[in-house]
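Enquirer: Here it is: the structure, laid out below.
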Amino acid sequence: MLVKVLNARSKRSTIIVKCPKCGEVGILRAYRKNIFGKRSYKIIHDDKRSCKITILDENWEEINQIYVRIRL
Ligand SMILES: [Zn+2]
């Protein structure tokens, strides 16, 4: 699912993933943690669409692992 990471050592790195929702690549962004302390994610596509990945989505775990491995 992970496509590429630009500037992996930087906090401002760009994580590009294949979106589990629409199948297109996009930039992975985390936004706030929910009441369970879990992050939600957005995948931002070129045409300004974005897909939201929350804990309720079956692909959340995979997206979360990618994010945690790269950012933390
Ligand atoms: Zn998408």
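Start counting the sequence shown at 1; every next residue gets the next number (my numbering). Backbone N, C-alpha and C fix where the C-beta goes; we use that ideal spot for every residue, glycine too.
If you measure from each CB to the nearest heavy atom of ligand 1 and keep those under 6 Å, what residues do you get, in chain order?
Expert: Residues with a Cβ closer than 6 Å to any heavy atom of ligand 1, in chain order: Cys19, Lys21, Cys22, Glu24, Gly26, Ile43, His45 and Cys51.
Enquirer: Might you give, ordered along the chain, the residues of its own chain that have their beta carbon closer than 8 Å to the beta carbon of Val3, omitting 5 neighbours on each side?
Expert: Contacts found: Ile16, Val17, Lys18 and Val25.
Enquirer: Going by DSSP, what residues sit across from Arg39 in a beta bridge?
Expert: Answer by DSSP bridge pairing, in chain order: Lys33.
Enquirer: In this structure, how does DSSP classify Ile27 when only helix, strand and coil are distinguished?
Expert: The answer is strand: DSSP assigns Ile27 an E or B state.
Enquirer: Look at Tyr67 and Leu6 and say whether their C-beta atoms are less than 9 Å apart.
Expert: No; because the gap between Cβ atoms is not below 9 Å, this pair is not in contact.
Enquirer: With the cut-off set at 9 Å, would you say Ser50 and Lys38 are in Cβ contact?
Expert: Not a contact, by the Cβ cut-off of 9 Å.
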